[in-house]
Amino acid sequence: MNIALWIIQIILAALFLTSGSLKLVLDKDKLEKVFEWIDNYPEKRLKLVGTFEVLGGLGLFLPGVYSVFDILIPLSAIGLTIIMVLATLLHYKRKETNELVVNIIVLVLLLLIIAGRLFILN
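Using my numbering, you'd call the opening residue of the sequence shown number 46 and step up by one each time.
Here it is as structure tokens:
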């Protein structure tokens, strides 16, 4: 179970680090080509979401790698779950079913990490 959780954590960390980094580095005009939903949001909010995604992605694996503050792993997953719930609502309102499927899969994987790190392995 621990190995499966680590694999999920690394995959999700890569996903959030990539997505968050794009939001931090690229300006809004370039981001609109990657993410269709961005046109409705100010650039400062996008940078804030990108920052939280990068921090959450780092929190999914760094505490476990260095064996310090292991509680940060499920806390990061909880924070990313909040982001994904909001993203799911956004895509639902915009009737973007492909993105909804991806959001729900990521949500389920985040919930597995939370359950596994808080309840199963402790």
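Every residue, glycine too, gets a C-beta built ideally from N, C-alpha and C.
With contacts defined by Cβ atoms closer than 7 Å, F61 and E98 form a contacting pair. According to the DSSP assignment, P87 belongs to no alpha helix (DSSP H), since it is labelled neither H nor E.
Setting aside the 5 residues that flank it on each side, L135 is surrounded in the same chain by W82, each with a C-beta closer than 8 Å to its C-beta; the list follows chain order. Taking 7 Å as the cut-off, the beta carbon of G109 is found no closer than this to the beta carbon of S121. A Cβ-Cβ contact shorter than 7 Å links L69 with G95.
Setting aside the 5 residues that flank it on each side, G102 is surrounded in the same chain by A58, F61, L62, G65, each with a C-beta closer than 7 Å to its C-beta; the list follows chain order.
The three-state reading of DSSP puts Y137 in helix, counting H, G and I together.
By the C-beta density criterion, R162 is buried, having at least 16 other C-beta atoms within 10 angstroms. In this structure, L117 sits away from L155, with a CB-CB distance that is not shorter than 7 Å. Of P119, T142, V146, the smallest CA-CA separation from I53 is found for P119.
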